[in-house]
Each structure stands twice: as C-alpha cells, then as structure tokens.
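Asker: Numbering (our numbering), first residue to last: 15 to 83. Ideal placement from N, C-alpha and C gives every residue a C-beta, glycine not left out. The structure displayed is predicted, hence computed values, not measured ones.
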Amino acid sequence: MPSMATIQKTASPAFGKVAVFNYSGVPHVAVVLSQGYGTFRVRESNYGGDFVSERDVSFSDASLVGFIQ
15 MPSMATIQKT ASPAFGKVAV FNYSGVPHVA VVLSQGYGTF RVRESNYGGD FVSERDVSFS
75 DASLVGFIQ
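(1) Runs of 4 residues minimum, wholly inside the segment 34 to 68: which ones carry the alpha helix (DSSP H) assignment?
(2) Check each candidate in K31, S67 and Y51 and name the one with the smallest Cα separation from S74.
(3) Compute the distance between the beta-carbons of A25 and G80, then report whether it is under 7 Å.
(4) If you follow the beta strand (DSSP E) that I82 is part of, which residue opens it and which one closes it?
(5) With distances taken between CB atoms, is the gap from S48 to R57 smaller than 7 Å?
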C-alpha cells in the first residue's frame, strides 16, 4: 500500500478503487461502489470485520485522503 503522503485526493473515485481516510491519525479504507454529484458511495467494514455498511461520502469530507487502485 502506498504511503499516506503519496495518495492523491484529486484522483477519480471510480468503481473498485479504494478510498483512503484519515480519522484523527487512524487510517481507514473503503471500496468505492459508485460516484454521484459531489459524492461517492463506499462499502466498508469495521476492524473486526463483523459489521459491513455502505454510505455516501462527500468529496469535501475533511478526512478523505484520496484514492488508490
């Protein structure tokens, strides 16, 4: 996995890419399912993997670091 510093926020959130977040110094990843107007939908899991959810994320989300393939 690339370092947090090399992930580009300007990259497109296309289907199958991995969205990378930084929540108060804790990295988090989610799989991109689709892209909307100003948002994108992700599927993610908690650390233990026992809870999977989907949510819409704004491109302006301050925790969003960027996307990787």
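Answerer: Taking the structure as given:
(1) Counting whole runs of 4 or more residues, the segment 34 to 68 contains no alpha helix (DSSP H) stretch at all.
(2) Y51
(3) yes
(4) L78 to I82
(5) No, Cβ-Cβ distance for S48 and R57 is not below 7 Å.
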